[in-house]
Amino acid sequence: MLQVLNLAMPFFGLIALGFFTARYKAWKGTPIPEAGLGWMNFFLIYIALPALFFRILAQTPLEKLNNVPFVVGTTFATFTVFVLGFAYVAWRSGGHTGHATVAGVAAAYGNIGYMGPGLAFSTIGSEAAAPVALIFCFDNILLFSLVPLLMALDGTARRSILSVVGEVIVKIVTHPFILATVAGVISAFLQFKPPEMLDRLLAFLQNAAAPVALFTLGVTVALRMESFAALARVAAAISPILALKLLIHPALAILILSFLGTFEPSWVYAAALMACLPPALNVFIIARQYDTYVEEASNAVLLGTVVSVGTLTTVLYLVKNELLPINIFTP
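Residues 4 to 334 (this note's numbering) make up the sequence shown, in order.
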């Protein structure tokens with residue numbers, strides 16, 4: 004168990020450092036302007052994380068990236084949880100598509116960019132590179148497509164479906180994560196090895212991605228946190244969403260992969276770890292972008308991160324001790 008805590012605590016410790024640093028600065032009356040996070044987010048999204056994904060994919064044998072059943076299984080698990088979260092809040096809100104869409108994202112979209120790669124690599128090893136990259140790529144494509152289309156149907160986007168579809172396509176093919184993924188696959192195919200000086204630069208950026216991302220997440224959550232009374236009021240409403248994200252999603256991923264066949268243990272472990280991650284900060288960003296379900300989205304990120312200290316650590320323990328079932332239909 005100590006080995007598992009040694010793996011998990013640095014990740015949650017960095018989030019806690021960011022959170023308590025921001026709260027301390029606010030308590031002292033000398034808060035750092037929120038605008039400063041803009042450059043950190045730019046560094047993460049456009050430089051550090053793309054370098055990470057390019058480097059791990061470029062070093063992955065191409066044949067390992069051609070695993071269609073795995074992509075179908077993990078993406079369908081994400082889609083199913085999205086539908087369940089969407090349906091629950093649509094029922095609770097009387098059919099409010101905007102609220103239901105953000106809730107669906109909170110239930111399905113974990114912190115697969117900030118926490119996922121570092122946690123999977125440190126727990127499973129380099130064998131996690133291919134499954135993590137595939138999950139990241141196709142989950143993003145799925146949710147990049149669903150959100151603007153549903154918001155347009157709701158009228159929240161106030162634009163025609165055709166223009167939204169065009170924008171979705173452009174955002175997918177030009178997103179830095181997707182571009183880095185494509186570049187990494189091409190490099191793997193060509194067996195391209197960058198010059199040493201460039202490779203060292205990419206390695207520095209890769210190593211910087213997780214610490215900066217987790218500290219930034221902690222700061223952002225602290226800045227979004229309202230009073231504890233408001234947090235308690237929203238907690239009951241979003242608890243089913245968090246149950247979907249932290250418990251149902253990983254269980255469903257294992258179930259669907261078991262139905263589709265037998266996969267390497269490292270792939271199933273990676274799928275379970277990526278699925279049990281807490282709601283990503285993007286949930287709040289989407290809510291704020293469309294000005295809907297903002298309070299609930301903010302608290303889903305905060306509470307999900309806190310609760311995941313227990314749920315994620317449990318999954319880490321099962322993975323590290325090889326107690327997680329690889330195929331529930333096989334003894």
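C-beta atoms are modelled at their ideal positions from N, C-alpha and C, and glycine is treated no differently.
- Burial check for residue 221: the Cβ neighbour count within 10 Å reaches 16 or more, so the residue is buried.
- Counting only runs of 4 or more residues that sit fully inside the segment 162-203, the alpha helix (DSSP H) segments are 164-177, 179-193, in chain order.
- Between residue 286 and residue 112, the beta carbon gap of about 6 Å places them in contact (Cβ cut-off 8 Å).
- Counting C-beta pairs with one atom in each stretch, the segment 250-268 and the segment 45-57 have fewer than three that are closer than 8 Å, which means they do not touch.
- Distance check between residue 168 and each of 154, 9, 61 places 154 closest, using alpha-carbon atoms only.
- Restricting attention to 78, 308, 273, 309, the CA atom closest to the CA of residue 328 is found in 273.
- Its Cα nearest to that of residue 181, the residue 145 stands out among 196, 145, 266, 283.
- Here residue 87 is buried. Its C-beta has 16 or more other C-beta atoms within 10 Å.
- Counting along the chain, the unbroken alpha helix (DSSP H) around residue 275 starts and ends at 268-278.
- In the assembly as shown, residue 118 is a buried residue. Its beta-carbon has 16 or more other beta-carbons within 10 Å.
- In the DSSP assignment, residue 282 is bridged to 113.
- Annotated three-state conformation of residue 294 is coil, per DSSP.
- In the three-state reduction of the DSSP assignment, residue 245 falls in the helix class.
- The Cβ atoms of residue 123 and residue 12 lie no closer than 9 Å to each other.
- In this structure residue 264 is exposed. Its beta-carbon is surrounded by fewer than 16 other beta-carbon atoms within 10 angstroms.
- Contact fails between the segment 170-181 and the segment 83-97, because fewer than three Cβ pairs, one in each stretch, are under 8 Å apart.
- For residue 83, the enclosing alpha helix (DSSP H) starts and ends at 71-95.
- Here residue 102 carries a helix assignment [DSSP, helix/strand/coil].
- Taking the Cα positions, residue 308 is about 16 Å away from residue 120.
- Here the C-alpha atom of residue 243 lies approximately 12 Å from the C-alpha atom of residue 299.
- Here the alpha carbons of residue 199 and residue 210 stand approximately 16 Å from one another.
- Our two residues, residue 280 and residue 315, have alpha carbons roughly 7 Å apart in a direct line.
- For the options 58, 213, 6, the alpha carbon positioned closest to that of residue 132 is the one of 58.
- For residue 253, the uninterrupted alpha helix (DSSP H) segment begins and ends at 252-263.
- At least 9 Å separates the beta-carbon of residue 258 from that of residue 110.
- Cβ-Cβ distances below 7 Å link residue 224 to 22, 304, 305, 308 in the same chain, with the five nearest sequence neighbours on each side left out; the list follows chain order.
- With a cutoff of 9 Å on beta-carbon distance, residue 184 and residue 139 are scored as near each other.
- For residue 332, the secondary structure class from DSSP, reduced to helix, strand or coil, is coil.
- Counting along the chain, no alpha helix (DSSP H) covers residue 324, and no H or E run does either.
- Between residue 54 and residue 260, the CB-CB gap reaches or exceeds 9 Å.
- Residues 133 of the same chain have their beta carbon placed closer than 6 Å to that of residue 67, with the five preceding and five following residues left out of the count.
- Around residue 203, the same chain offers no residue with a beta carbon nearer than 7 Å, after the five sequence neighbours per side are excluded.
- Residue 189 and residue 99 have their C-alpha atoms spaced approximately 42 Å apart.
- Residue 215 holds the alpha-carbon nearest to the alpha-carbon of residue 16 among 270, 215, 320.
- Minimum Cα-Cα distance from residue 266 among the listed residues 76, 208, 81, 126 corresponds to 76.
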